[in-house]
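Undergrad: Numbering (the working numbering), first residue to last: 588 to 967.
The C-beta atom is built at its ideal place from N, Cα and C for all residues, glycine as well.
On a predicted model such as this, the values are computed, not experimentally measured, just so you know.
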Amino acid sequence: MSKKVLIIGAGIGGLTAALALKRIGYEPVIFERSPQPSSNGTTLVLWPNAFRVLQVLGVADDIMKLGVRNLKTSVFTAKGQPLYELSLDMEAEYGYPVMTVLRADLQRVLLERLGEGSVVWGQEFVGAKQGDEQVTVNFANGHREQGCLLIGADGIHSKVRTALLGEVPLRFCGFAAYRGMVDNHSTILPQQIGMEVWGEGKRFGLFHTGHQGLYWFATLNSMADSDSSPLGIKQHLLHEFASWHPPVEQILHQTDESKMLRHLIYDIPSLPYWSKGRVTLLGDAAHAMTPNLGQGACQAIEDGMALAESIQGESILSLALQRYEAKRNSQVRKVVSLSNRMGRVSQWSNPMLCGVRNWVFATLPGSMKLKQLERIIGKG
Numbered sequence: 588m589s590k591k592v593l594i595i596g597a598g599i600g601g602l603t604a605a606l607a608l609k610r611i612g613y614e615p616v617i618f619e620r621s622p623q624p625s626s627n628g629t630t631l632v633l634w635p636n637a638f639r640v641l642q643v644l645g646v647a648d649d650i651m652k653l654g655v656r657n658l659k660t661s662v663f664t665a666k667g668q669p670l671y672e673l674s675l676d677m678e679a680e681y682g683y684p685v686m687t688v689l690r691a692d693l694q695r696v697l698l699e700r701l702g703e704g705s706v707v708w709g710q711e712f713v714g715a716k717q718g719d720e721q722v723t724v725n726f727a728n729g730h731r732e733q734g735c736l737l738i739g740a741d742g743i744h745s746k747v748r749t750a751l752l753g754e755v756p757l758r759f760c761g762f763a764a765y766r767g768m769v770d771n772h773s774t775i776l777p778q779q780i781g782m783e784v785w786g787e788g789k790r791f792g793l794f795h796t797g798h799q800g801l802y803w804f805a806t807l808n809s810m811a812d813s814d815s816s817p818l819g820i821k822q823h824l825l826h827e828f829a830s831w832h833p834p835v836e837q838i839l840h841q842t843d844e845s846k847m848l849r850h851l852i853y854d855i856p857s858l859p860y861w862s863k864g865r866v867t868l869l870g871d872a873a874h875a876m877t878p879n880l881g882q883g884a885c886q887a888i889e890d891g892m893a894l895a896e897s898i899q900g901e902s903i904l905s906l907a908l909q910r911y912e913a914k915r916n917s918q919v920r921k922v923v924s925l926s927n928r929m930g931r932v933s934q935w936s937n938p939m940l941c942g943v944r945n946w947v948f949a950t951l952p953g954s955m956k957l958k959q960l961e962r963i964i965g966k967g
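#1: If you drop the 5 nearest sequence neighbours on each side, which residues of the same chain put their C-beta closer than 6 Å to that of A873?
#2: Decide yes or no for the touch test of the segment 629–646 against the segment 740–759: beta carbon pairs closer than 8 Å, at least 3 of them.
#3: Which two residues bound the contiguous beta strand (DSSP E) that contains K609?
#4: My output table needs one value for I775: the three-state DSSP class, helix, strand or coil.
#5: Just to confirm the assignment, what range does the beta strand (DSSP E) spanning D854 have?
#6: What's the C-alpha gap between R944 and N937?
#7: With distance defined between alpha-carbon atoms, name the residue in V592, P624, L653 and L675 nearest to G953.
#8: Which residue wins for smallest C-alpha separation from I599, given the options I888, T629, H730 and L951?
#9: Thinking M929 and L960 are a contact (beta carbons under 8 Å), I'd like their distance in whole angstroms, please.
#10: Span of the beta strand (DSSP E) holding E619?
#11: Which residues bound the alpha helix (DSSP H) around E678?
#12: Rounded to whole angstroms, what is the Cα-Cα separation between L797 and C885?
#13: Using a Cβ-Cβ cutoff of less than 6 Å, which residues in the same chain neighbour K821 once the five nearest sequence positions on both sides are dropped?
#14: Have a look at the DSSP bridge pairing and note the partners of P669.
#15: For the segment 717–762, which segments carrying the alpha helix (DSSP H) assignment without a break, of at least 4 residues, lie completely within its bounds, in sequence order?
#16: Return the CA-CA distance between E901 and A907, expressed in angstroms with no decimal places.
#17: Determine the contact status of F759 and L858, defining contact as a CB-CB distance below 8 Å.
#18: CA-CA distance, L869 and I855?
#19: Mind checking which residues open and close the alpha helix (DSSP H) that includes Q948?
#20: Run through DSSP, which three-state label would R865 get?
#21: Thinking just about the alpha-carbon of each residue, which of A763, S626, M810 and Q778 is nearest to the one in R790?
#22: Determine whether the beta carbon atoms of A691 and G891 lie at a separation below 8 Å.
#23: Among all the DSSP beta bridges, which residues are the ones paired with W785?
#24: Below 8 Å CB to CB, which residues in the same chain sit around Q837 once its five sequence neighbours on both sides are set aside?
#25: Buried or exposed: where does W785 fall if 16 or more other Cβ atoms within 10 Å of its Cβ makes it buried?
#26: Comparing C-alpha positions only, which one of V688, I611 and Q710 sits nearest to E619?
#27: If contact is defined by three or more beta carbon pairs under 8 Å, each pair taking one atom from either stretch, is the segment 649–659 in contact with the segment 693–700?
#28: Starting from the N-terminal side, write out each stretch of the beta strand (DSSP E) that is 3 residues or longer and does not extend beyond the segment 622–659.
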């Protein structure tokens, strides 16, 4: 039986799956539409559940050298009143820290561990056909590949998902997210500490990340068909966050507008299935979620390992894929649901509801705030 596995997408989930499959004797080949690795400045949060997998794959230590530990997040109102502090000093209890790392750094570490030639760049998936013993994949340039499995790790707009299930409508979550980075200034934010500021229909967050940088995000309630403000992203944000708790305006002023990113936030409803025959999905292709919990990359990493564990020792691969889906489905549904709820509450715009929200979060014990997270990150 062929052990060649075709993976569409060289994001974090696809690379992790390839490493996990290689570890058990399979021959993964990744096909990526982009001509080269990502160089954008987006930042990811890695929680202990992701580090457990990365440790098994032999890359956790390398990633820890490039990221920044987060020991605590402090949350304020727009006027600067403290709401609550969430302790993220989890290493002693959960085995691994919470860290922020540049997506490009994480991708580079995974690529280096996979080795030269593991990714074929500039290949756009257009379709697949399953047979009794193999699956055949077609690419836009006429190239064709065959393997024993096809894994769609090609994100929220997955073409593999469309080939498997037909068109799945995305679900707009009601807000836009903005992101950027500035050089670190220790007077702005203490080391290993993050902060969030909550207002009415808007939020701002600031965290340390690799290469002595500060990563920020902002969210604004939005319509699904809205475009960027005619003022330009920077002026729009300065207008929306005028007179907010320091250092929000300072950070926005210091950010190069050409490097500010804006995205409307979508997730996808629960799929009826995401595995059929020799084809399966992972990461955002299977269960895209909002960024509110910082679990998108972590869940994709867990998918990759769960897939390899389900395949190992199984001669009937279609059964292995069904077992993988069953193993992951209930967990990711919980994460998608919790992330969606967190987004709705934190984006409330009604002043009265925001007042209630702030009072609840200010009075809720820290142990109860961590209870929901514990169900996601586990204790190994």
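TA: Working from what's here:
#1: W861
#2: no
#3: No beta strand (DSSP E) holds K609; the alpha helix (DSSP H) holding it covers I599 to R610.
#4: coil
#5: L848 to D854
#6: 10 Å
#7: L675
#8: I888
#9: Actually they do not touch by this definition, with Cβ atoms about 11 Å apart.
#10: E614 to E619
#11: E678 to Y681
#12: It is worth fixing the name first, because residue 797 is Gly in this sequence and not Leu. The alpha-carbon atoms of G797 and C885 are separated by roughly 18 Å.
#13: E844
#14: F663
#15: 746–752
#16: 6 Å
#17: no
#18: 13 Å
#19: Inspection of the sequence shows that residue 948 is occupied by Phe rather than by Gln. Here the alpha helix (DSSP H) through F948 covers P938 to T950.
#20: coil
#21: A763
#22: no
#23: T664 and R790
#24: I775
#25: buried
#26: Q710
#27: yes
#28: 630–633
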